[in-house]
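Please read the structure below before turning to the comments.
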Amino acid sequence: MAAKVREICIKACGLGVARSIRPSRSPSWPSIAQRTHCLQKAPLRHLASTSIPRSKKPRLDKMVSADEYILTLSCPDRPGIVHAVTGFLARHNLNIVDSQQFGDPTSKRFFMRVHFAQVEISEGGGNKINVEQLRNSFGETAQPMAMDFELCSTTQKPRVLIMVSKIGHCLNDILFRQSINQLGIEVPLIISNHADFAPLAATYKIPFHHLPITAETKADQERRVLELVREHKIDLIVLARYMQVLSPALCAAMSGKIINIHHSFLPSFKGAKPYHQAYDRGVKIIGATAHFVTSDLDEGPIIEQDVARVDHGLSPKALTTEGSNVESTVLANAVKWVTEKRVLLNGHKTVVFN
């Protein structure tokens, strides 16, 4: 015990470094008064040097974020899914930024969205893995669990085709949000069965395709739409008040890749003139619904909904004006969530990760 005290006093007074010293019969140690004085005056840096050295950690300023990716998947629910996914990421030195999952007890399916990044050390670098390699490699993990999955890079902006008729508030809202980077999308073209919004498209320097449609030309018009979809490598079609019913063939060709804004709170007031229907029923709220398009009119899986309170004094025209703001917000949210891979289909419903 005495040896320990002497060892600390030597360090505290700056007389030396810690070492094993055996006490002699006539030690020449400082007096108790000197030792007390040294302990009171000793700079904290000397006392701190008595602590056990910590193991070195990687310097954060030497690490840089590389590519980021989004993985979404659904599969039959079972134990070990999260373990399989996180194990895959760990084996490839990939860092999870955000992860969300949901197990549906009714459909017995499991849904997951993982945002992850490859982190590389700036000194010496390291082998980067591209998105195709990741897809191929994850396929080996996905196959035994019957996973349906998508894996994409966040640097690749989804390419969105907007279709519109003669009501333009939703179109204008999406274009403005995209121009100020509230929506991380590219809009390579706009299609309309009327020419009304060609000037608006020109303002945003987006090619505008006027494709008129009649009962006789519907099949040809939709074939041209699909040609443009392939030509421009479109990922998503947005019906921004496009007042035409799509054929089952077009719905099937773009299944899960078309979203529509319906100007009512579905499933109420389907079909044409929903605000007039709402007026006739004397509703106290009006709403809008963004949903995936299927061959059944206004029956597709719902992505987003919102409402606004109204009263008996509003005319059908006033209801329409009130509803326009709701429609724009609901559709913008749906476009954002779908293009950020936050929406997964679950039968006739959707799972929407926040």
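Residue numbers (the numbering used here): 26 to 379.
For every residue, glycine included, the Cβ atom is placed at its ideal position computed from N, Cα and C.
In this structure, how does DSSP classify residue i when only helix, strand and coil are distinguished?
{"i": "H337", "result": "coil"}
{"i": "Q181", "result": "coil"}
{"i": "M279", "result": "coil"}
{"i": "A315", "result": "strand"}
{"i": "R306", "result": "helix"}
{"i": "E365", "result": "coil"}
{"i": "K298", "result": "coil"}
{"i": "N155", "result": "coil"}
{"i": "G105", "result": "coil"}
{"i": "P169", "result": "helix"}
{"i": "S80", "result": "Note that S80 has pLDDT 37, beneath the 50 cutoff, so the model's placement of it is unreliable and the number below is only indicative. S80: coil per DSSP, three-state reduction."}
{"i": "L322", "result": "coil"}
{"i": "F163", "result": "helix"}
{"i": "N358", "result": "helix"}
{"i": "N379", "result": "coil"}
{"i": "F290", "result": "coil"}
Kindly identify the DSSP beta-bridge partner or partners of residue i.
{"i": "E175", "result": "T97"}
{"i": "K374", "result": "N371"}
{"i": "L142", "result": "For the sequence presented, residue 142 should be read as Ala rather than Leu. DSSP output for A142 lists E93, N120 as bridge partner(s)."}
{"i": "M188", "result": "I216, L264"}
{"i": "D331", "result": "A313"}
{"i": "F135", "result": "C100, G128"}
{"i": "N285", "result": "L264, H316"}
Closer than 8 Å, CB to CB, is residue i near chain C or not?
{"i": "K342", "result": "No chain C appears in this structure, which consists of one protein chain only."}
Would you please state the rounded distance, in angstroms, between the beta carbons of residue i and residue j? I believe it to be under 8 Å.
{"i": "T364", "j": "L261", "result": "6 Å"}
{"i": "A109", "j": "T166", "result": "5 Å"}
{"i": "R255", "j": "I286", "result": "Actually they do not touch by this definition, with Cβ atoms about 25 Å apart."}
{"i": "L369", "j": "V376", "result": "5 Å"}
{"i": "I210", "j": "P183", "result": "5 Å"}
{"i": "I310", "j": "L344", "result": "In fact, because the Cβ distance is near 11 Å, the residues do not count as touching under 8 Å."}
{"i": "T180", "j": "I95", "result": "About 11 Å separates the two Cβ atoms, so there is no contact after all."}
{"i": "S204", "j": "Y229", "result": "7 Å"}
{"i": "R103", "j": "M172", "result": "R103 to M172, Cβ: 11 Å. No contact."}
Out of the options, which one is the CA nearest neighbour of residue i?
{"i": "Y300", "options": "V335, M279, A359, E247", "result": "V335"}
{"i": "N379", "options": "H140, N120, L196", "result": "H140"}
{"i": "G307", "options": "L253, L196, G338, K374", "result": "G338"}
{"i": "G128", "options": "G164, L114, G105, A142", "result": "G105"}
{"i": "R116", "options": "T354, F317, F135, I154", "result": "I154"}
{"i": "P316", "options": "K309, I310, S289", "result": "Sequence inspection shows His at residue 316; the Pro mentioned does not correspond to that position. Of K309, I310, S289, the residue nearest in Cα terms is S289."}
{"i": "A227", "options": "N161, V212, T239", "result": "V212"}
{"i": "N197", "options": "H373, F222, R160", "result": "F222"}
{"i": "Q126", "options": "N118, F136, L119", "result": "F136"}
{"i": "A240", "options": "C177, N218, V122", "result": "N218"}
{"i": "T97", "options": "T111, I284, R138", "result": "R138"}
{"i": "S353", "options": "G372, S340, V332", "result": "V332"}
{"i": "N350", "options": "T314, E324, I259", "result": "T314"}
{"i": "A357", "options": "E347, I231, L264, Q168", "result": "L264"}
{"i": "K374", "options": "M170, G281, Q302", "result": "G281"}
{"i": "D321", "options": "I283, E157, P273", "result": "P273"}
{"i": "L176", "options": "A297, E252, E93, A277", "result": "E93"}
{"i": "Q143", "options": "P101, K366, L114", "result": "L114"}
{"i": "C100", "options": "P224, R134, R160", "result": "R134"}
{"i": "M279", "options": "L225, E252, S132", "result": "E252"}
{"i": "H194", "options": "P341, N118, T346", "result": "T346"}
{"i": "V185", "options": "L200, A277, A303", "result": "L200"}
{"i": "L159", "options": "V122, M170, Q302, N118", "result": "N118"}
{"i": "E329", "options": "L208, R367, A244", "result": "R367"}
{"i": "Q269", "options": "M188, F174, A303", "result": "M188"}
{"i": "G325", "options": "P341, G348, K342, N371", "result": "N371"}
{"i": "D323", "options": "Q302, K342, V355, I284", "result": "I284"}
{"i": "I192", "options": "V107, L225, R202", "result": "L225"}
{"i": "Y304", "options": "V318, A277, T319, P341", "result": "P341"}
{"i": "I327", "options": "W362, I259, Q302", "result": "W362"}
{"i": "L271", "options": "G348, E247, I259, H257", "result": "E247"}
{"i": "F233", "options": "V250, N206, T111, F174", "result": "V250"}
Give, in chain order, every unbroken run of the alpha helix (DSSP H) that is at least 4 residues long and sits entirely within the region 193 to 277. 194 to 204, 223 to 228, 243 to 256
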